[in-house]
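Inspection log for the structure reproduced underneath, given as C-alpha cells.
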Amino acid sequence: MSATAARRPGPALGTMASVEGARVDFTRLRADRRRRLLEAMAAAGLDALVLGRPANALYASGARQLWTAGARPFGPGCVVVAATGRVHLLSTWDEGVPPELDHDELYGITWNPARVAASLRAIPGLAGAKRVGTDGLSPGFVPFLRGVAPDAVVVDGGPALRAARTVKTPDELACLATAVAVAEAALSALVEALHPGVTERQLLGRYAERVAELGTPTPPSDAVVCATPSSGPVTRHHQAGDRPIDPGQLVVLEPGALFAGYEGGIGRTWLVGAEPTSAQRALASRSRAAVDAVVAACRAGATGEALLSAATSTGETLGVGPVAYGLGLGVEAPLVAAGFGGATVLAAGTVLAVQAWVAEAGVGGFFEREVVVVGDDGPCRLSRYGHGPAGTR
Amino acid sequence: MTVGGVPIPDVADLAGMRRARHTKLADLLETAGLDALVLLGGGAVSYATGAANPGVDSGRAALLRPVAVVVRGERAPHLFTPYPEGAPPELPADHLHGPCYPELDEGVEAIGGWLAERLGPKARLAVDELTHALAGGLSGFEVTGAGAVMAAAKLCKTADELACIRTAQHINELAMTDVRPLLRPGVRQTELTARFLRRVFELGGATCAVDPIWQVMPASRAELPWTTHGDIAFPTPTTDRFLRDGDVIWIDAGITWEGYASDFGRTWLVGSDPTPTARQQAQCRRWREVVAAALACCRPGVTALELDRAAIAAHGGRRPWLEHFYLAHGVGTESAEMPLIGTDLGEEFDDQLVLRPGMVLVFEPVIWDEGAGGYRAEDLVAITDDGWAPLSDFPFDPFDGSP
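One line per chain: the protein sequences are A and B, in this order.
The numbering used here applies: residue 993 is where the first sequence begins, and numbers increase by one.
The numbering used here applies: residue 2 is where the second sequence begins, and numbers increase by one.
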C-alpha cells in the first residue's frame, strides 16, 4: 500500500493537519492538478500558458500567495511550459511555495517591464513557443510577448484551463466540502447573533471574525447579510448597512469560506424576532422549490438551458443574479443566468452553487444557495443546514 | 493645508467628488481624441462610476465584473453591473445597465453591439484590460490602452478624495487599536485577523482589501525565507501560527471606504508588557528619521529622486527600503498606485516624477539591523499646495523613537 493510498473521507473535515498527515493529501492534489493542466495544454495544442489570475496560478503551482480582494490586472504571474512540464511562478520568496518548485522556477517582483521580459526570457522553452495561451490580456501584452517569444501567437487559454479545472478530483472535493462546512459554521454564528436591533454591519463583522477564527481568514465575499424590508418594494442589496434590523424582517445570510483556495458557501434566510406570517412561509416555499428544481437538474449532460428552465419551472421569473455558477478555486465557469450560459453542458464532477431569490412587496425577500456536485446519476449536495423559522416545512 | 486652494474637509462631499472625477475623465477623453473608455479593473470602475461593489475574491470579481463605459461628451458614466443597488443615487436610470459579464461571449456581443450603436462601428476606444472574449468583441473598433488616461486622472487627488483616504485610514487605525490587546503569547495570526475584520466592518469599513499580514520577524536574515534577490521576504501570508513572547511582528493591512484604500503598517512586540531593547528603539528612531528627512523635502515641484536621496542620506548612505518595493507609493482606488518612488524603474524615472498637490505618498521604509531584526511602518501624507499634510495618525508604541 503506497503512502498516498486514498483513505475514505469519513469525518475528515477539519482545517488543521494531523501528525499522520494533512486531512487532504495536498501533494497528490497538486500533482493531479499539474498533470491535468499539462494534458489540457497538450489537447489544446498550447506550448505555454501565461497566467495572471490568482486562482489559475494557484491551480498550476500550488503556492499559497497573498490574498487580495478583487480581480488582478493581467500580468505574467505564472508560466507553464508544455515541453518541459515545468511551472514558473512570480514569487520573490519560497515561503508558501510547494517543494516541487525549485528556486530557479521562481522569479521576483519587479516594477520594470524590461526586467519582467528578462525573467520570462530566462524560462526554458518559452522563447521558442508557437502558441501561448493566456487567461487575460492587457492592451500592451501581445507586443510585449513578442519580445519574449518572437514566433508566438497569443490565444485564449480559457478552454484548456476549464478542461483541467471544471471536473474535480476527490481531494478537491474534500477541500470544497471543508469550505462548505466552514461556511455553515459561520452561518451558525450569524444565526446566533441575529436579534432585533442588530445591524447588517455587526453581523458581517461577526461572520468575518468567525471564518478567521476557524483558520480560513479570507472571506470570498463581503456580501453576506441582507435584511429585506417587510413593507414596500424589495430589492436585494450587497453592501451591509447601519440600520437596526426590526422584528419580523426576513434576513438573507449567505456566508462563504475559502479553504486551501477552494470556495464553499451556503445561503439561507432567517426570520428575526417574530413568528413567520403565512406570506413569509409562502415566499420561503417558493425559494426552496426553485432551488430544489435546479438542484434536481444538476446531472451530467444537462445544459445551462435545462437549469434555466428548472429555475422557472415552479413559476418564478429569472432575475439579474445567476441561477448557478461553478465553484472550485473560487468562483469559476460555468455561469448560468438569464441570457448567459445556456449552451453549457454539465460534466459529472463539476461543483455548482445553485441559488434562488424571490421577493414580494410588503413581505420581504427569501434567498437560498446550495452547493452541489454534478453526478452521472444526479446531484450530491455538499451543503447541509436547516432552513430557518420561515423556511421549515 | 489646501489642495488646489481647497482645504481637506473632515467629511467628503461624495456626490461632488464623483462629479469632479467624471469631469476629469471627460476632459481627458476630449484631449486624447477618444470616443469612450471601457473599464474592467475594479479600481478603475470604482473611480469612473462611484459604484459600491462588495469586496470579493478574485475569481468572483473576474466572472461577475461590473464594467464602466465613459462616453465622450456625456454627462455621466455608464455602469453595467450585477450589483445595481451599488450605483450612486445621481446616476441616471438610462446609464445603469444589467451585467455584461465580459468573460462570456454573450456578454461581449451585447456590449459590442451597444457600443457600435452608440458610437459607430469605427469608434476609438481605450480599455484598461481585456478578456479574450472582449478582445474578439471589440476587434472592429480602434482599441488602445486606457492606462495613460486613468493614470492622469488618478495621480492627483481632490480634497474630497483625500478626505476619503483619511477616513479609510482612520477606520483601519481604530480597528488596529482594538487588535493590540490580543498580542499575548499563544494568540494565532488568524485570531488577530478575526478581531481586525470584525472591527473594520463594525466601524464602517466597506471591504477588506488584503489578507492582513502579521509577519514574525527574526533577528537575522538567515532565519527568513529564501528570496530571489537576497533581501528580506515580506509580506508573507498569514497562517494559524501562534505568537510567542517577545516576537517582533510587522503588520500590513488595508481596507476600503467609499472606494478608497487605506494602508496600515507598524511593528509591534508580543507580550503583556512589551519593552523594546535599546537596539530596537534605535531602529524605530532611524525609521522616523528617514521619513522625517523625506518629508522635509515634500512640496510641489520637488522630484521623487530628491526624496530617495534624502531618505538614503538619513540612513547613512544605505537604501532604507526593500529591493522589491519602494520608499513610497501612492494610494487611491487601488492600494498601490502612482506615484511609485524608489522602485527598480531607476533613478531616471524618479528624476522625472515631480511632486504635485494632491499626490498621496505612503512611506514604507524598512530599517534592518542584522542580528537584531528590524523596524517597518507606514505613514500616509498628501502633498498640499505648499508642503504636505498627514493622512495617518497612529502611535509608535511600544517604541518611542522620536527623532
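Positions of the beta carbon are idealized from the N, C-alpha and C atoms, including for glycine.
Expected contact under 8 Å - CB spacing of residue i and residue j to nearest Å
{"i": "Asp1127 of chain A", "j": "Ala1074 of chain A", "result": "Not a contact, Cβ separation roughly 16 Å."}
{"i": "Pro10 of chain B", "j": "Ala164 of chain B", "result": "5 Å"}
{"i": "Leu1344 of chain A", "j": "Leu1319 of chain A", "result": "7 Å"}
{"i": "Val1140 of chain A", "j": "Leu1112 of chain A", "result": "4 Å"}
{"i": "Ala1166 of chain A", "j": "Val1016 of chain A", "result": "5 Å"}
{"i": "Glu174 of chain B", "j": "Phe265 of chain B", "result": "7 Å"}
{"i": "His325 of chain B", "j": "Ile1101 of chain A", "result": "4 Å"}
{"i": "Gly1265 of chain A", "j": "Pro1239 of chain A", "result": "3 Å"}
{"i": "Ala21 of chain B", "j": "Thr159 of chain B", "result": "5 Å"}
{"i": "Gly343 of chain B", "j": "Trp322 of chain B", "result": "6 Å"}
{"i": "Thr132 of chain B", "j": "Glu104 of chain B", "result": "5 Å"}
Interface residues of chain B facing residue i [CB-CB closer than 7 Å]
{"i": "Glu1097 of chain A", "result": "Under the 7 Å cutoff, chain B gives no residues; its nearest Cβ is about 11 Å from Glu1097 of chain A."}
{"i": "Pro1046 of chain A", "result": "Ser59"}
{"i": "Ile1101 of chain A", "result": "His325"}
{"i": "Arg1107 of chain A", "result": "Asp345"}
{"i": "Trp1085 of chain A", "result": "Pro226, Trp227, Thr228, Ala234 and Thr237"}
{"i": "Leu1250 of chain A", "result": "Asp58"}
{"i": "Ala1382 of chain A", "result": "What Ala1382 of chain A touches in chain B: nothing, since even the nearest Cβ is about 23 Å away."}
{"i": "Thr1342 of chain A", "result": "Here the premise fails: no neighbours, minimum Cβ distance about 15 Å."}
{"i": "Glu1092 of chain A", "result": "Correct list: empty, because the minimum Cβ distance to chain B is about 16 Å."}
Residues sharing a beta bridge with residue i, DSSP
{"i": "Glu1448 of chain A", "result": "Any question about residue 1448 of chain A goes unanswered here, given that chain A covers just 993 to 1385."}
{"i": "His79 of chain B", "result": "B:Val70"}
{"i": "Leu1344 of chain A", "result": "A:Gly1318 and A:Val1364"}
{"i": "Arg1385 of chain A", "result": "The partner list for Arg1385 of chain A (beta bridge, DSSP) is empty, contrary to what the question assumes."}
{"i": "Asp1148 of chain A", "result": "A:Thr1126"}
{"i": "Gly1013 of chain A", "result": "A:Ser1010"}
{"i": "Trp269 of chain B", "result": "B:Ile250"}
{"i": "Thr3 of chain B", "result": "B:Pro8"}
{"i": "Pro391 of chain B", "result": "B:Val382"}
{"i": "Phe1332 of chain A", "result": "A:Ala1329"}
{"i": "Cys1372 of chain A", "result": "A:Val1365"}
{"i": "His325 of chain B", "result": "For His325 of chain B, which the question treats as bridged, DSSP gives no partner whatsoever."}
{"i": "Arg280 of chain B", "result": "Its beta-bridge partners do not exist; DSSP assigns none."}
{"i": "Ala1156 of chain A", "result": "According to DSSP, Ala1156 of chain A bridges with nothing at all."}
{"i": "Arg1291 of chain A", "result": "A:Gly1367"}
{"i": "Ala262 of chain B", "result": "B:Thr257"}
{"i": "Ile368 of chain B", "result": "B:Tyr376"}
{"i": "Glu143 of chain B", "result": "B:Arg125"}
Per-residue contacts from residue i into chain A (C-beta, under 9 Å)
{"i": "Cys481 of chain B", "result": "Nothing in the structure corresponds to residue 481 of chain B, since chain B is present only between 2 and 404."}
Chain B contact residues for residue i, given Cβ-Cβ distances below 8 Å
{"i": "Pro1065 of chain A", "result": "Gly42, Asp129 and Glu130"}
{"i": "Phe1332 of chain A", "result": "Tyr102, Leu105, Glu107 and Gly108"}
{"i": "Gly1088 of chain A", "result": "Thr237 and Pro238"}
{"i": "Glu1324 of chain A", "result": "Gly60 and Leu64"}
{"i": "Ala1348 of chain A", "result": "Under the 8 Å cutoff, chain B gives no residues; its nearest Cβ is about 16 Å from Ala1348 of chain A."}
{"i": "Ala1119 of chain A", "result": "In chain order: nothing, as chain B lies at least about 20 Å away."}
{"i": "Leu1327 of chain A", "result": "Leu64, Leu65, Tyr102, Glu104 and Leu105"}
Neighbouring residues, chain A, relative to residue i (Cβ below 7 Å)
{"i": "Thr276 of chain B", "result": "Those do not exist, as Thr276 of chain B stays about 29 Å from chain A at its closest Cβ, beyond 7 Å."}
{"i": "Asp212 of chain B", "result": "Leu1058, Trp1059, Pro1209 and Thr1210"}
{"i": "Gly99 of chain B", "result": "Val1312"}
{"i": "Asp341 of chain B", "result": "Note that residue 341 of chain B is Leu in the sequence shown here, rather than Asp. Within chain A, the residues near Leu341 of chain B are Trp1103."}
{"i": "Asp309 of chain B", "result": "Within chain A, no residue comes near Asp309 of chain B; the closest Cβ sits about 14 Å away, beyond 7 Å."}
{"i": "Asp95 of chain B", "result": "Simply none; closest approach about 17 Å."}
Interface residues of chain B facing residue i [CB-CB closer than 9 Å]
{"i": "Pro1131 of chain A", "result": "Ala127, Val128, Asp129, Glu130, Leu131, Val144, Thr145, Gly146, Ala147 and Gly148"}
{"i": "Ser1255 of chain A", "result": "Note that residue 1255 of chain A is Glu in the sequence shown here, rather than Ser. By Cβ distance, chain B contributes Asp58, Gly60 and Arg61."}
{"i": "Thr1227 of chain A", "result": "Pro85 and Glu86"}
Report the residues of the stretch 189-205 of chain B with a CB closer than 9 Å to any CB of chain A, ordered along the chain.
Residues passing the 9 Å Cβ filter: Arg189, Gln190, Thr191, Glu192, Leu193, Thr194, Ala195, Arg196, Phe197, Leu198, Arg199, Arg200, Val201, Phe202, Glu203, Leu204 and Gly205.
Report the residue ranges of all beta strand (DSSP E) runs contained in full by the stretch 1214-1286 of chain A; include only those spanning at least 3 residues, in chain order.
Entirely contained in the stretch 1214-1286 of chain A, the beta strand (DSSP E) runs reaching 3 residues are, in chain order, 1217-1220, 1242-1245, 1248-1251, 1254-1257 and 1260-1263.
Completely contained beta strand (DSSP E) runs for the stretch 155-237 of chain B, where each covers 3 or more residues
Here the runs fully enclosed are 214-218.
Going residue by residue through the stretch 1030-1115 of chain A, where are the continuous beta strand (DSSP E) segments of at least 3 residues, counting only ones entirely within it?
Whole beta strand (DSSP E) segments, 3+ residues: 1040-1043, 1070-1073 and 1078-1082.
If you measure beta-carbon to beta-carbon, which residues of the stretch 1301-1319 of chain A are closer than 8 Å to chain B?
Against chain B - using a Cβ distance shorter than 8 Å - the residues of the stretch 1301-1319 of chain A are Val1312, Gly1313, Pro1314 and Tyr1317.
Along the stretch 44-71 of chain B, where does the CB come closer than 8 Å to a CB of chain A? Name the residues.
Against chain A - using a Cβ distance shorter than 8 Å - the residues of the stretch 44-71 of chain B are Gly44, Ala53, Asn54, Pro55, Gly56, Val57, Asp58, Ser59, Gly60, Arg61, Ala62, Ala63, Leu64, Leu65 and Arg66.
Within 7 Å of chain B by C-beta, residues of the stretch 1168-1195 of chain A in sequence order
Hits within the stretch, in order: Arg1193 and Gln1194.
What residues from the stretch 369-393 of chain B come within 8 Å of chain A, judged by C-beta to C-beta, listed N to C?
Of all residues in the stretch 369-393 of chain B, none has a Cβ within less than 8 Å of some Cβ in chain A.
Could you please tell me which residues of the stretch 132-159 of chain B, in chain order, have their CB closer than 9 Å to any CB of chain A?
Residues are counted here when their Cβ sits less than 9 Å from a Cβ of chain A; for the stretch 132-159 of chain B these are Thr132, His133, Ala134, Leu135, Ala136, Gly137, Val144, Thr145, Gly146, Ala147 and Gly148, given in chain order.
Between the stretch 71-90 of chain B and chain A, which residues of the former have CB atoms less than 8 Å from a CB of the latter, in chain order?
Here the close residues are Pro83, Tyr84, Pro85, Glu86 and Gly87.
What alpha helix (DSSP H) runs, 4 residues minimum, are completely inside the stretch 14-39 of chain B?
Unbroken alpha helix (DSSP H) runs of no fewer than 4 residues, entirely contained in the stretch 14-39 of chain B, are found at 15-33, following chain order.
Interface residues of the stretch 1138-1161 of chain A facing chain B [CB-CB below 7 Å]:
From the stretch 1138-1161 of chain A, only Asp1148 and Gly1150 have a Cβ closer than 7 Å to chain B.
Given a limit of 9 Å on CB to CB distance, which residues of the stretch 1005-1038 of chain A reach chain B?
Residues of the stretch 1005-1038 of chain A with a C-beta less than 9 Å from any C-beta of chain B: Thr1007 and Met1008, listed in chain order.
Using a Cβ-Cβ cut-off of less than 9 Å, give me the residues of the stretch 246-264 of chain B that come near chain A, in sequence order.
Per Cβ criterion, the list reads Gly255 and Thr257.
At a CB distance below 9 Å, what residues from the stretch 1229-1245 of chain A approach chain B? Give them in sequence order.
Result list: His1229, His1230, Gln1231, Ala1232 and Asp1234.
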